[in-house]
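Asks: Sharing a structure below in structure tokens format, with a few things to ask.
Protein chains: 2
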Amino acid sequence: MGNRDGAVTPPSAEDGGTPRAATIRDVAARAGVSVATVSRALSGQYPVANATRARVQRAVRDLDYVVNAHARALTGSKSKTIAVLLSDIASPFYSRIAHGVEQQASAEKRLMMVCATHGDPEREVGLVEMLREQSVDAVVLVGGIVDTPEYRERMARLARLLDTAGSRLVLCGRPSPGEDLPVTVVEYENSGGAFAAASYLMDKGHRDILFLGGVGPDTTTQDRLDGFRRALASRDLSADEPGRILTGGNSRQFGYDTIRARLLREELDFTAILAWDDLVAAGAMTALREAGVDVPGRVSILGYNDEQIAQDLVPPLTSVSIPHTELGRSAVRLALHREDPAVASSQHITLGTHIVVRGSVREAARR
Amino acid sequence: MGNRDGAVTPPSAEDGGTPRAATIRDVAARAGVSVATVSRALSGQYPVANATRARVQRAVRDLDYVVNAHARALTGSKSKTIAVLLSDIASPFYSRIAHGVEQQASAEKRLMMVCATHGDPEREVGLVEMLREQSVDAVVLVGGIVDTPEYRERMARLARLLDTAGSRLVLCGRPSPGEDLPVTVVEYENSGGAFAAASYLMDKGHRDILFLGGVGPDTTTQDRLDGFRRALASRDLSADEPGRILTGGNSRQFGYDTIRARLLREELDFTAILAWDDLVAAGAMTALREAGVDVPGRVSILGYNDEQIAQDLVPPLTSVSIPHTELGRSAVRLALHREDPAVASSQHITLGTHIVVRGSVREAARR
DNA sequence: AAACGGATAGCAACCGTATTCTGTCCGAGT
DNA sequence: ACTCGGACAGAATACGGTTGCTATCCGTTT
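So the sequence lines, in the order shown, correspond to chains A and B.
For the first sequence, position 77 matches number 77 in the working numbering, and the numbering has no gaps at all.
For the second sequence, position 145 matches number 145 in the working numbering, and the numbering has no gaps at all.
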């Protein structure tokens, strides 16, 4: 009776076709125990004699066995996976949030799926459908949207569907769709951030401030505009004078084009810019430089997001920092521990932002 | 009798606990057909009467049924998922590759998992183990490594293990571990790119060129150094004069510190820099600016990777562009269609790079 | 000495789908 | 009228694990 030694034998008896991966049955056979015993020896949740456990472990190593996650998920109905849906993984904003999700997921022994929606709500719904099939632990939807009744209904529906599938819907950086829904919401201070940013500029003596970038009905834009308006109003200024709020895009090109056109058309009738993000700011700075306008001597500029690029612009860009990583981490943490009394009550949180001071803002010149 | 209309009834008969998600059985019961018929009506691979199909589809909609991906994977042994392992999802280099992977995965109706290794080979192996449990379609390992016999053995082992699990190992941006292994390799021209870059600088009259950044034994560094050496040698210059090759780091800070120290310690004894990547270049440019050295008037600088940041530096950075997205796409495409005769023979490809000309390189000043 | 109970291990019943194998019905061909 | 084959639907089984229940062995307790 051979095979007393540890020689590795192929899992399949017959040698005809392609070798299959080893199953729990192969392990059981090799260790000379039942399938149930193998399962228990590996799970560690059930008493198994040390000698038996050793034999099983030996067989596992010999056969390079790993459990079949699908078979396991089938009985347990948990798949140890977190999914993130974002508009574009290559964007620094989203990839940093994904980074946070990954950190926490990894810490909680979960894998992470990443799906790109390209900003298309229909595709988003379609992807959630696919993820529902996966019985993922949580689905994190990232990024601003247009807040309409239709949006709220859509999210409410997804929340309920995911809930009955045992998954948790997490909205990250977008508003809550309503009360009493099985949903986790992790936001960051857009209104407050813009308020602080505008106040900071006004503290430096600026009165003629441009709000540059953003797309109209999007909640993120609306919230920031709200903060901007409140800040100006608190100093008895109006944000709604013509030509002060320049939304309509959020790309580098938009920042460049808009400021360039403004400089060609008008007097230099502003002393500061609050930009949608650092990229828009970069575009604006390029246009200003080309026009010979000194930054920050003549015009101060404040970015948003505090991206990598901020410190390499000339001058280095002062920017509103968003806790990207913490957003991602919180999303996962709150979703997974939603039963835990410590966090059960905080299924809707709002993280703060802060200004990182560099060199692109200076006291306004006297009028 | 009963329920002739389309009234929605809960999937579970008893109403006690939390509602479960609908299963194929629920659908079958509601449509008044067998489970097998539902499966077939939905797969479309088998003749089903139109009336029956309609009833099934109706039931599916009423119950918000989606198949259980795990159950399906269990019979089919395919999970419709691609996994990417990279060092850090927040880095632009990796996130752009992930972007390409996502594009192709999405086009092939696959989901994408993203795992972060933080550059730790052990963690990489551990993650592959987890992914083997998932019977993923392909596992894409991204990023340079140290090419040792031990590395090759490790990869060979993973390749075989994944192969018997029906998955494909893809190495992206790292060398092939050897012949006759079930592995797909997608590289990009490091040696060639550095050769072209150095040649471009020399075409502009530069003779004293610094190679700035990279970590010693890493294959990517070695390949680029090789290209750099070959280029210089082709013009009868030696790359190995002291102080010409400055490796030891690949961060912005490294670029800044190294150039700053050099300028403090030595004469300005170079006219051009070939940087490891755009970030290192940005750091170097900051150090040069602080020292009052004009770029590109006095020193030209060439970046690598052509990241977003390149166009916003002052001056805009000329850089070697790597086909990040195409790397990711090819990785997935080749892995999934490896049986297809059209690509079966090209399981090891090398994509080219090119120089994107902006404003950071100028003719060298006459000596 | 008999009964008891803790420590282990095996049997078998699921988990939700896909698929093979049968079986029925019905129209068409002879 | 009878047979034959195609179209369709159902029963049964396989996929790879997990887990409740049962069975055995043996040292203890009364």
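Just so you know, even glycine gets a beta-carbon here, dropped at the ideal spot from N, CA and C.
Since we're looking at a predicted model, the values are computed, not measured.
Please list, in chain order, the residues of the stretch 128–143 of chain A that have any C-beta partner in chain B closer than 9 Å.
Replies: Residues E129, M130, L131, R132, E133, Q134, S135.
Asks: Out of B:I97, B:V67, B:V56, which one is the CA nearest neighbour of E326 of chain B?
Replies: Here residue 326 of chain B refers to the residue found at position 326 when the second sequence is read from its first residue. Nearest C-alpha to E326 of chain B: B:I97.
Asks: Under 7 Å, do I82 of chain A and A138 of chain A count as touching if we go by C-beta distance?
Replies: For the purposes of this step, residue 82 of chain A is taken as residue 82 along the first sequence, with counting starting at 1. For the purposes of this step, residue 138 of chain A is taken as residue 138 along the first sequence, with counting starting at 1. Contact flag set, yes.
Asks: Leaving aside the five residues before and after R235 of chain B along the sequence, list all residues of the same chain whose C-beta is less than 6 Å from its C-beta, in chain order.
Replies: Position 235 of the second sequence, counted from the start, is the residue given in the question as residue 235 of chain B. Excluding positions up to five away in sequence, the list reads M202.
Asks: Does any residue of chain A have a CB that is nearer than 7 Å to the CB of H348 of chain B?
Replies: Your numbering for residue 348 of chain B matches position 348 in the second sequence. No, its Cβ sits nowhere closer than 7 Å to a Cβ of chain A.
Asks: Can the beta-carbon of D26 of chain A be found less than 7 Å from the beta-carbon of L63 of chain A?
Replies: For the purposes of this step, residue 26 of chain A is taken as the residue at position 26 of the first sequence. For the purposes of this step, residue 63 of chain A is taken as the residue at position 63 of the first sequence. Yes.
Asks: If you measure from the beta carbon of E14 of chain A to each beta carbon in chain B, is any gap under 7 Å?
Replies: Indexing the first sequence from 1 puts residue 14 of chain A at position 14. Note that E14 of chain A has pLDDT 43, beneath the 50 cutoff, so the model's placement of it is unreliable and the number below is only indicative. Chain B, which has no Cβ nearer than 7 Å to the Cβ of E14 of chain A, makes this no.
Asks: Is there a Cβ from chain B that is less than 7 Å from the Cβ of H337 of chain A?
Replies: Within the first sequence, numbered from 1, the residue matching residue 337 of chain A stands at position 337. False, the Cβ-Cβ gap to chain B never drops below 7 Å.
Asks: L274 of chain B and A197 of chain B - do their beta-carbons sit closer together than 7 Å?
Replies: Counting from one through the second sequence, the residue named residue 197 of chain B turns up at place 197. Counting from one through the second sequence, the residue named residue 274 of chain B turns up at place 274. In contact: A197 of chain B and L274 of chain B (Cβ atoms closer than 7 Å).
Asks: Can you name the residues of chain A whose CB is closer than 8 Å to the CB of H99 of chain B?
Replies: Reading the second sequence from its first residue, position 99 is the one you call residue 99 of chain B. Under the 8 Å cutoff, chain A gives D88, I89, A90, A116.
Asks: Please go through the same chain and pick out, in chain order, the residues whose beta-carbon is closer than 8 Å to the beta-carbon of S95 of chain A, but skip the five residues on each side of it.
Replies: On the first sequence, position 95 is the one that residue 95 of chain A refers to. Answer for S95 of chain A: I89, listed in chain order.
Asks: If we count Cβ pairs, one from each stretch, closer than 8 Å, do we get three or more for the stretch 349–356 of chain B versus the stretch 115–134 of chain A?
Replies: With a cut-off of 8 Å, the stretch 115–134 of chain A and the stretch 349–356 of chain B do not count as touching, because too few Cβ pairs lie within range.
Asks: Give, in chain order, every unbroken run of the beta strand (DSSP E) that is at least 3 residues long and sits entirely within the stretch 98–182 of chain A.
Replies: If we require 3 residues or more, the beta strand (DSSP E) runs fully inside the stretch 98–182 of chain A come out as 111–116, 138–142, 168–172.
Asks: Should T220 of chain A be labelled buried (16 or more other beta-carbon atoms within 10 Å of its own) or exposed?
Replies: The residue labelled residue 220 of chain A in the question sits at position 220 within the first sequence. Buried, since its Cβ has 16 or more Cβ neighbours within 10 Å.
Asks: Buried or exposed: Y304 of chain A, going by 16 or more other Cβ atoms within 10 Å of its Cβ?
Replies: As a first step, residue 304 of chain A must be located in the first sequence, where it is residue number 304. So Y304 of chain A ends up on the buried side.
Asks: Taking the continuous alpha helix (DSSP H) assigned at I259 of chain B, which residues delimit it?
Replies: Counting from 1 along the second sequence, the entry for residue 259 of chain B is found at position 259. Segment 252–265, the alpha helix (DSSP H) holding I259 of chain B.
Asks: Exposed or buried, L268 of chain B, counting other C-beta atoms within 10 Å across all chains shown (16 or more means buried)?
Replies: Residue mapping note: residue 268 of chain B aligns to position 268 of the second sequence, counting from 1. So L268 of chain B counts as exposed.
Asks: How about A331 of chain B and C172 of chain B: do their beta carbons lie closer than 7 Å?
Replies: Here residue 331 of chain B refers to the residue found at position 331 of the second sequence. Here residue 172 of chain B refers to the residue found at position 172 of the second sequence. The answer is yes: Cβ separation under 7 Å.
Asks: Decide yes or no for the touch test of the stretch 42–51 of chain B against the stretch 42–51 of chain A: beta carbon pairs closer than 8 Å, at least 3 of them.
Replies: No: fewer than three Cβ pairs fall under 8 Å.
Asks: So S346 of chain B packs on L336 of chain B, CB below 8 Å; how close in whole Å?
Replies: On the second sequence, residue 346 of chain B is found 346 positions in, with the first residue counted as 1. On the second sequence, residue 336 of chain B is found 336 positions in, with the first residue counted as 1. No, S346 of chain B and L336 of chain B are not in contact; Cβ-Cβ is about 13 Å, not under 8 Å.
Asks: If we count the other Cβ atoms within 10 Å of its Cβ and call it buried at 16 or more, is Q134 of chain A buried or exposed?
Replies: Locating residue 134 of chain A in the first sequence gives position 134, where the first residue counts as 1. Q134 of chain A should be labelled buried.
Asks: Helix, strand or coil for I349 of chain A? Go by DSSP, reduced to three states.
Replies: Numbered from 1 along the first sequence, position 349 holds the residue referred to as residue 349 of chain A. Reduced to three states, the DSSP call for I349 of chain A is strand.
Asks: Mind pulling the chain B residues with CB within less than 8 Å of I309 of chain A?
Replies: On the first sequence, residue 309 of chain A is found 309 positions in, with the first residue counted as 1. Within 8 Å Cβ-Cβ: Q308, I309, D312.
Asks: Does chain B have any CB closer than 7 Å to the CB of H70 of chain A?
Replies: Position 70 of the first sequence holds residue 70 of chain A. Closer than 7 Å: yes.
Asks: Who pairs with E187 of chain A in a beta bridge, going by DSSP?
Replies: Working through the first sequence from its first residue, we reach residue 187 of chain A at position 187. In DSSP, E187 of chain A forms a bridge with A:T350.
Asks: Please confirm if T9 of chain A has its CB atom under 7 Å from at least one CB of chain B.
Replies: Numbered from 1 along the first sequence, position 9 holds the residue referred to as residue 9 of chain A. Because T9 of chain A carries a pLDDT of 39, less than 50, the predicted location of this residue cannot be relied on, and the following value inherits that uncertainty. It does not; no Cβ of chain B falls within 7 Å.
Asks: Give the straight-line distance between the Cα atoms of I349 of chain B and F228 of chain B, rounded to the nearest whole angstrom.
Replies: Residue mapping note: residue 349 of chain B aligns to position 349 of the second sequence, counting from 1. Residue mapping note: residue 228 of chain B aligns to position 228 of the second sequence, counting from 1. Roughly 22 Å between the two C-alpha positions.
Asks: Are the Cβ atoms of L181 of chain B and A165 of chain B separated by less than 7 Å?
Replies: Here the question's residue 181 of chain B lines up with position 181 in the second sequence. Here the question's residue 165 of chain B lines up with position 165 in the second sequence. No, Cβ-Cβ distance for L181 of chain B and A165 of chain B is not below 7 Å.
Asks: Does the beta carbon of D64 of chain A sit closer than 7 Å to a beta carbon anywhere in chain B?
Replies: Residue mapping note: residue 64 of chain A aligns to position 64 of the first sequence, counting from 1. Chain B, which has a Cβ nearer than 7 Å to the Cβ of D64 of chain A, makes this yes.
Asks: Can you list, in chain order, the residues of its chain with a C-beta nearer than 7 Å to that of E363 of chain B? Leave out the 5 residues immediately preceding and following it.
Replies: Taking the first residue of the second sequence as position 1, residue 363 of chain B is located at position 363. So the list reads K204, G205, once near-sequence residues are dropped.
Asks: Which residues of chain A have a Cβ atom closer than 9 Å to the Cβ of S43 of chain B, listed in chain order?
Replies: Counted from its first residue, the second sequence places residue 43 of chain B at position 43. Here the premise fails: no neighbours, minimum Cβ distance about 14 Å.
Asks: Do you know how far the Cα of T286 of chain B is from the Cα of F195 of chain B?
Replies: As a first step, residue 195 of chain B must be located in the second sequence, where it is residue number 195. As a first step, residue 286 of chain B must be located in the second sequence, where it is residue number 286. The straight-line gap from Cα to Cα measures roughly 26 Å.
Asks: Of all the options B:L212, B:R53, B:D340, which has the alpha carbon lying nearest to the alpha carbon of A36 of chain B?
Replies: Within the second sequence, numbered from 1, the residue matching residue 36 of chain B stands at position 36. Taking only the C-alpha atoms, the option nearest A36 of chain B is B:R53.
Asks: Taking the alpha-carbon positions, what's the G216 of chain A to E290 of chain A distance?
Replies: Residue numbering aside, residue 216 of chain A sits at position 216 when the first sequence is read from its first letter. Residue numbering aside, residue 290 of chain A sits at position 290 when the first sequence is read from its first letter. Whole-angstrom Cα-Cα distance: 28 Å.
Asks: By the criterion of Cβ-Cβ separation under 7 Å, what are the contact partners of R96 of chain A in chain B?
Replies: The residue you call residue 96 of chain A lines up with position 96 of the first sequence. Within 7 Å Cβ-Cβ: A90.
Asks: Give the straight-line distance between the Cα atoms of S199 of chain A and G192 of chain A, rounded to the nearest whole angstrom.
Replies: As a first step, residue 199 of chain A is located in the first sequence; it is residue number 199 there, counting from the start. As a first step, residue 192 of chain A is located in the first sequence; it is residue number 192 there, counting from the start. Their Cα atoms are separated by approximately 10 Å.
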